[in-house]
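The numbering of the sequence shown is the working numbering, which starts it at 99 and goes up by one.
Ideal Cβ positions, reconstructed from N, Cα and C, are used throughout, including at glycine.
None of these values were measured; they are calculated from a predicted model.
Below you'll find the structure, written out as structure tokens, and then a few comments.
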Amino acid sequence: GAGSVTAPGWGAWQYWLVGIITLLVNVGFNHFGKGITKLASVLFAMVVGYIIAFFFDMVDLSPVREAGWLSVAAPLHFGIKFEPSAIISFVIIFMVTCIEGIGDMSSTTIGGMDRNPTDDELRGGIVGFGVANVIGAFIGCLPTATFSQNVGIVSVNKVINRRVFFGAGLIILVAGFMPKISSLLTTIPAPVVGGATLSVFAAITMNGIRMITEQPLTVRNTSIVGIAIAIGFGFTTIVTTAEQAGVTFMPEALKNAIGVSPVVLAAITSILMNVIIPETEADKKQESIIEEVLEDK
Numbered sequence: 099g100a101g102s103v104t105a106p107g108w109g110a111w112q113y114w115l116v117g118i119i120t121l122l123v124n125v126g127f128n129h130f131g132k133g134i135t136k137l138a139s140v141l142f143a144m145v146v147g148y149i150i151a152f153f154f155d156m157v158d159l160s161p162v163r164e165a166g167w168l169s170v171a172a173p174l175h176f177g178i179k180f181e182p183s184a185i186i187s188f189v190i191i192f193m194v195t196c197i198e199g200i201g202d203m204s205s206t207t208i209g210g211m212d213r214n215p216t217d218d219e220l221r222g223g224i225v226g227f228g229v230a231n232v233i234g235a236f237i238g239c240l241p242t243a244t245f246s247q248n249v250g251i252v253s254v255n256k257v258i259n260r261r262v263f264f265g266a267g268l269i270i271l272v273a274g275f276m277p278k279i280s281s282l283l284t285t286i287p288a289p290v291v292g293g294a295t296l297s298v299f300a301a302i303t304m305n306g307i308r309m310i311t312e313q314p315l316t317v318r319n320t321s322i323v324g325i326a327i328a329i330g331f332g333f334t335t336i337v338t339t340a341e342q343a344g345v346t347f348m349p350e351a352l353k354n355a356i357g358v359s360p361v362v363l364a365a366i367t368s369i370l371m372n373v374i375i376p377e378t379e380a381d382k383k384q385e386s387i388i389e390e391v392l393e394d395k
């Protein structure tokens with residue numbers, strides 16, 4: 099498409115062509131490339147897709163020309179006010195992003211290191227995530243997300259070196275201070291982004307399935323996963339369908355809390371079912387059973 103069903107020319111063959119070429123280049127570099135071309139297959143695919151999209155007149159560089167060279171966020175630009183309704187809304191939003199963050203950190207560890215994260219690693223990640231959001235709040239930033247795309251990229255290239263992440267963070271920081279650079283990134287056409295990230299999200303999905311299948315697929319475990327996913331996605335689908343039909347059946351605040359993202363209800367359902375339904379030895383991961391026996395000895 100063109101990023102939105104309301105965009106002019108949505109679904110045109112040019113968009114399909116650019117997206118497919120970007121995807122094929124990404125897959126080709128990832129599976130047949132060596133060295134830097136393999137590790138940075140997503141980046142090279144986006145560069146190729148961007149060049150092709152440019153010749154199809156899909157790239158609009160006017161935002162780059164209009165953007166300034168330097169911009170610094172003013173702390174507390176909007177002032178500070180404690181509004182209960184806003185606080186409740188943001189707490190809910192942050193809980194959702196924290197749940198997503200736990201999933202992303204788990205998937206990153208599995209994809210990059212072939213193991214599950216420890217409790218200390220997850221705790222440290224969430225604390226760091228919280229500190230970043232507190233700092234962001236003072237400069238007018240909304241609660242952020244951990245961006246699952248990065249999880250897929252780590253799973254694909256297996257690069258987990260801290261210097262690489264520091265360099266990536268530095269680039270983002272510079273882009274934040276220099277609108278020219280950040281606006282250039284926004285000129286990447288939607289088909290290019292879609293074609294490049296398709297395999298990335300496929301990796302994320304497979305990491306999720308891998309996390310599930312590491313546990314015994316007993317009736318209890320499969321029920322928890324299946325029902326949680328069904329309720330999470332099913333309810334958000336109902337909310338979307340009702341909105342399109344002009345039907346309102348719940349308060350706006352409640353809709354924003356549980357009806358926008360399937361993550362919330364899926365997480366709540368799975369946690370409650372995990373607590374309520376008794377767990378037997380057959381439901382536990384084999385490694386956990388061995389560890390318990392060793393500890394007893």
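Distance, residue j Cα to residue i Cα
i, j, result
"Ala-307", "Gly-357", "Note that residue 307 corresponds to Ile in the displayed sequence, not to Ala. Roughly 24 Å between the two C-alpha positions."
"Gly-126", "Leu-370", "44 Å"
"Gly-267", "Ser-160", "26 Å"
"Ala-138", "Asn-255", "7 Å"
"Gly-324", "Ile-208", "22 Å"
"Thr-216", "Trp-111", "47 Å"
"Ile-387", "Thr-316", "In this prediction, Ile-387 has a pLDDT of 46, which is less than 50 and means its spatial position is unreliable; what the coordinates show is noted afterwards. So the two alpha carbons sit approximately 15 Å from each other."
"Ile-190", "Thr-320", "28 Å"
"Glu-379", "Ile-224", "30 Å"
"Ala-351", "Gln-247", "28 Å"
"Lys-383", "Pro-314", "6 Å"
"Thr-135", "Pro-182", "51 Å"
"Thr-284", "Asn-372", "42 Å"
"Thr-120", "Ala-143", "5 Å"
CB of residue i within 8 Å of CB of residue j, strictly
i, j, result
"Ser-205", "Ile-310", "no"
"Ser-359", "Asn-305", "no"
"Val-362", "Val-249", "no"
"Ala-171", "Gly-238", "yes"
"Ile-242", "Glu-198", "Strictly speaking, residue 242 in this sequence is Thr, with Ile absent from that position. Cβ atoms of Thr-242 and Glu-198: not closer than 8 Å."
"Met-200", "Leu-220", "Note that residue 200 corresponds to Ile in the displayed sequence, not to Met. A contact, by the Cβ cut-off of 8 Å."
"Ile-374", "Arg-318", "no"
"Ser-169", "Pro-277", "yes"
Buried versus exposed call for residue i [16 or more other C-beta atoms within 10 Å across all chains shown]
i, result
"Met-156", "buried"
"Ile-251", "buried"
"Val-232", "exposed"
"Pro-349", "exposed"
"Met-211", "exposed"
"Ser-297", "buried"
"Val-391", "Caution is warranted here: a pLDDT of 45 is assigned to Val-391, below 50, making its placement in the model unreliable, and no coordinate value can be reported."
"Gly-265", "exposed"
"Thr-295", "buried"
"Asp-202", "buried"
"Ala-355", "buried"
Cutoff 8 Å: residue i Cβ touching any chain D Cβ
i, result
"Val-262", "The chain inventory of the structure shown lacks chain D, comprising one protein chain alone."
Is it the case that the segment 327 to 334 contacts the segment 157 to 177, given that we only count it when at least three CB pairs across the two stretches are under 8 Å?
Verdict: no, contact absent.
Count the CB pairs spanning the segment 290 to 298 and the segment 147 to 163 that are closer than 8 Å, and state whether there are at least three.
yes
Take every Cβ of the segment 268 to 281, pair it with every Cβ of the segment 110 to 121, and state whether three or more of those distances are shorter than 8 Å.
No, they do not touch.
Does the segment 364 to 381 come within contact of the segment 340 to 354, defined as at least 3 CB pairs closer than 8 Å?
As far as the Cβ criterion goes, the segment 364 to 381 does not touch the segment 340 to 354, which means the pair count is below three.
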